[in-house]
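Peer 1: Here the protein sequences line up with chains A and B, keeping their order.
The first sequence lines up with residues -10 to 155 when you count with the numbering used here.
The second sequence lines up with residues 4 to 196 when you count with the numbering used here.
First the structure, then my questions, so here it is.
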Amino acid sequence: MAAGSTYEPIATTTLGSTAASYTFSSIPSTYTDLILVVRAALNAAGDIYVQFNGDTATNYSITTLYGTGSAAGSTRFSSQTQALIAYYGNLTSTLGNTNQIVQIQNYANTTTNKTFISRGNNAGSGLDANVGLWRSTAAINSIKLNNSSTTFSVGSTFTLYGIAAA
Amino acid sequence: MLNVISGLLAGGVAASTNSYESIATVTVGTAQSTISFTSIPSTYKHLQVRGLTRGTDASNGGVAVYMRLNGDTASNYSNHGLDAFQGASANTEAFGNANTTYGLNFYQPSAGNTASIFAGGVTDILDYQNTNKYKTTRSLGGYDMNGSTSGYNYIGIYSGSWRNTAAVTQIDLICSAGSFDTYSKFALYGIKG
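Quick look at the structure:
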C-alpha cells in the first residue's frame, strides 16, 4: 500500500549575494534518498563539486559518461578531496543555461559506502551521466557545494529533497 | 519528475511534491536472485524503481539488473544503452538489443569487486497503466570503485521497450548472475498525473 506523499523539500535557497560555497546542514535522517537540484551560475564557467559531512580527505571518486556535442566519451577521477557532479554539463556564467541533479541513495545507512548518481546538462557545451563514491559508512548529515571558480552568482538556486520509502 | 521539478524551479515556482508516493520497498536480508513487486495499483501515471544493489556472483565485470514486466518471459523486450566502463582500459559504448526476454536497468558490482560498494539506479516506467501503448522505460545507474582496475567502474543510461499494451501490474528485478546481496534494496514509487 502507498505510504502517502514522500517527495518532500528539505531546504531551498536562492543566493541574494555571491557565495564561495553553499552548505545544507543538519540534514534529517528520516528519508531514504536525497535529491539535490542545482540551478546556478558562476562568475566564470567552471565545475561544481560536493563534499559530505565536512570530509576534505581524498575519499571521493567519480566515473563520468559525457557528450560534448560532437562525440561521446568517458573518464574517471580517483582519490579526490571532493566529487564532481557534472563534467561537460557543468556551470556557466549565465543563470538558466545549466542544471545538475544528484541522487544520493540510502544516505543515512551506516553499513555501506555512499554511491550517488548525477546528471549534468549544459545547453552550450554538453551533458553527462555520473556516478560518484564517498568512501565512508557515516550517515550523510551535510552537503557542501563547492566550485572551481570564485563564487556562485546571485540568483543561484540549490534545493534538497528527501524521499521516504514504504 | 526531476525534469519537471527542474523546470518549475527555473520558472521560480515551488515544485509540487505531493504526487510522488511510496508503494513498496524490499531490502534483501538473505541473498535472492529475483525481487518482485506484485499487485501494483493502477492509480498512478508513472512508476519509478529506485535501486541500491550489489550481486553475489564471484565475477568482477559488472552484473546486470534485468527487469521483466507482468511475468512475461517471451522475447518482447528491447533496449538501447550508452555507457562507460572504466577499468584497466577506458571504454565508452553504445549498443542495442532486440527481442530479448528481459529489459536492462543498470549494472552493479558483485563479489569479485571492492567490498561495501553498491550500484545506484533509477528506472522510470512511463504510462504504465495505459492499455493503448507499448511500455517505455528509461534508466540511469552505475557504480564507482575509486578507480579500481579489478573490474570496471560503470555508469550508463538505458532505454527499453516492452511490446505489450497490458497495464503493468508486476515488476520482477532479476540479477543476471548470482543473487542480489544482503543490504541490496529496491523501492517502488508511483507518480500521479
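Using N, Cα and C, we set each Cβ at its ideal position, and we do this for glycine too.
Computed from a prediction, not measured in an experiment: that's the story for all the values here.
Can you list the residues of chain B that Asn102 (chain A) reaches, using a CB-CB cut of under 7 Å?
Peer 2: For this step, residue 102 (chain A) is matched to residue 113 along the first sequence. Ordered by position in chain B, the residues that pass the 7 Å Cβ test against Asn102 (chain A) are Ser119 and Ile120.
Peer 1: Looking at the structure shown, is Val26 (chain A) part of a helix, part of a strand, or coil, going by DSSP?
Peer 2: In the first sequence, the residue the question calls residue 26 (chain A) occupies position 37. In this structure, Val26 (chain A) counts as strand in the three-state DSSP scheme.
Peer 1: What is the DSSP secondary structure of Asp175 (chain B), reduced to helix, strand or coil?
Peer 2: Looking up residue 175 (chain B) in the second sequence gives position 172. Of the three classes helix, strand and coil, the one that applies to Asp175 (chain B) here is strand, per DSSP.
Peer 1: Decide if Ala118 (chain B) is buried, meaning its Cβ has at least 16 other Cβ atoms within 10 Å, or exposed.
Peer 2: As a working note, residue 118 (chain B) is residue 115 in the second sequence. Exposed.
Peer 1: Taking any Cβ of chain B, which residues in the region -6 to 12 of chain A have a Cβ under 7 Å from it, in chain order?
Peer 2: Ser(-6), Thr(-5), Tyr(-4), Glu(-3) and Pro(-2)
Peer 1: For the putative contact between Gly90 (chain B) and Thr152 (chain B), defined by C-beta atoms under 8 Å, what is the C-beta separation to the nearest angstrom?
Peer 2: Residue 90 (chain B) sits at position 87 when you count from the first residue of the second sequence. Residue 152 (chain B) sits at position 149 when you count from the first residue of the second sequence. 5 Å between Cβ atoms; contact.
Peer 1: Should the region 101 to 112 of chain A be called in touch with the region 74 to 93 of chain A, which here means at least 3 C-beta pairs below 8 Å?
Peer 2: yes
Peer 1: Spatial neighbours of Glu24 (chain B) within its chain, please: CB distance less than 7 Å, with the 5 preceding and 5 following residues excluded, ordered by chain position.
Peer 2: Counting from one through the second sequence, the residue named residue 24 (chain B) turns up at place 21. The residues are Tyr192 and Gly193.
Peer 1: Ignoring anything shorter than 3 residues, give me the beta strand (DSSP E) runs that lie fully in the region 86 to 113 of chain A, in order along the chain.
Peer 2: 87 to 94 and 103 to 111
Peer 1: Excluding the 5 residues flanking Ile93 (chain A) on each side, which residues of the same chain have their C-beta closer than 6 Å to its C-beta?
Peer 2: To locate residue 93 (chain A), count along the first sequence from 1; it is residue 104. Closer than 6 Å at the Cβ level, and outside the excluded window around Ile93 (chain A), lie Leu23 and Phe105.
Peer 1: Would Ala67 (chain B) and Tyr110 (chain B) be called neighbours here (beta carbons separated by less than 8 Å)?
Peer 2: Residue numbering aside, residue 67 (chain B) sits at position 64 when the second sequence is read from its first letter. Residue numbering aside, residue 110 (chain B) sits at position 107 when the second sequence is read from its first letter. Yes, these two residues count as a Cβ contact at 8 Å.
Peer 1: What are the uninterrupted segments assigned as beta strand (DSSP E) that are 3 or more residues long and contained completely in the region 49 to 111 of chain B, given in chain order?
Peer 2: 49 to 56, 66 to 72, 80 to 89, 93 to 103 and 106 to 111
Peer 1: Say the cut is 7 Å; is the CB of Gly123 (chain B) nearer than that to a heavy atom of the ligand MN?
Peer 2: What this structure holds is no ligand at all, so the ligand MN is not there to describe.
Peer 1: In three-state terms, what does DSSP make of Leu84 (chain A)?
Peer 2: On the first sequence, residue 84 (chain A) is found 95 positions in, with the first residue counted as 1. It is coil, neither helix nor strand.
Peer 1: Could you tell me the boundaries of the beta strand (DSSP E) in which Gln35 (chain B) lies?
Peer 2: Taking the second sequence and counting its residues from 1, one reaches residue 35 (chain B) at position 32. Segment: none, Gln35 (chain B) is in no beta strand (DSSP E) and carries neither H nor E.
Peer 1: Mind reading off the beta-carbon distance from Gly124 (chain B) to Leu107 (chain B)? Whole number of angstroms is fine, and I expect it under 8 Å.
Peer 2: Here the question's residue 124 (chain B) lines up with position 121 in the second sequence. Here the question's residue 107 (chain B) lines up with position 104 in the second sequence. In fact, because the Cβ distance is near 11 Å, the residues do not count as touching under 8 Å.
Peer 1: Residues of chain A with CB under 9 Å from Asp86 (chain B), in chain order?
Peer 2: Start at 1 with the first residue of the second sequence, and residue 86 (chain B) comes out as number 83. The contacting residues are Leu54, Ser63 and Ala118.
Peer 1: On the CB-based measure, 16 or more other CB atoms within 10 Å of its CB, does Pro44 (chain B) come out buried or exposed?
Peer 2: Taking the first residue of the second sequence as 1, we reach residue 44 (chain B) at position 41. With fewer than 16 Cβ atoms within 10 Å of its Cβ, Pro44 (chain B) is classed as exposed.
Peer 1: Taking C-alpha atoms, which residue in A:Gly43, A:Thr146 and A:Leu54 lies nearest to Asn94 (chain B)?
Peer 2: The residue you call residue 94 (chain B) lines up with position 91 of the second sequence. Measuring C-alpha to C-alpha distances from Asn94 (chain B) to each of A:Gly43, A:Thr146 and A:Leu54 identifies A:Leu54 as the nearest.
Peer 1: Is DSSP giving Tyr20 (chain A) helix, strand or coil here?
Peer 2: Reading the first sequence from its first residue, position 31 is the one you call residue 20 (chain A). Residue state, collapsed to three classes: coil.
Peer 1: Output, in chain order, the set of chain B residues within a Cβ distance shorter than 8 Å of Leu78 (chain A).
Peer 2: Taking the first residue of the first sequence as position 1, residue 78 (chain A) is located at position 89. According to the sequence shown, residue 78 (chain A) is Gly rather than Leu. What Gly78 (chain A) touches in chain B, judged by beta-carbon distance under 8 Å, is nothing: the nearest beta carbon there is about 12 Å away.
Peer 1: Quick one: give me the first and last residue of the beta strand (DSSP E) that Gln69 (chain A) is part of.
Peer 2: One-based indexing of the first sequence puts residue 69 (chain A) at position 80. Residues Ala61 to Gln69.
Peer 1: Taking Tyr186 (chain B) as the reference, give the member of B:Gly58, B:Leu85 and B:Lys136 with the closest Cα.
Peer 2: Walking along the second sequence from the start, residue 186 (chain B) turns up at place 183. Of the listed residues, the one whose Cα sits closest to Tyr186 (chain B) is B:Gly58.
Peer 1: Any beta carbon of chain B sitting closer than 8 Å to that of Phe141 (chain A)?
Peer 2: The residue you call residue 141 (chain A) lines up with position 152 of the first sequence. For Phe141 (chain A), the answer is no, since every Cβ of chain B falls outside 8 Å of its Cβ.
Peer 1: Can you name, in chain order, every residue of its own chain whose Cβ lies under 7 Å from the Cβ of Met(-10) (chain A), other than the five neighbours on each side?
Peer 2: Against the first sequence, residue -10 (chain A) aligns to sequence position 1. Because Met(-10) (chain A) carries a pLDDT of 43, less than 50, the predicted location of this residue cannot be relied on, and no value is offered for it.
Peer 1: State the start and end residues of the unbroken beta strand (DSSP E) segment that holds Phe141 (chain A).
Peer 2: On the first sequence, position 152 is the one that residue 141 (chain A) refers to. Here Phe141 (chain A) belongs to no beta strand (DSSP E), and DSSP marks it neither H nor E.
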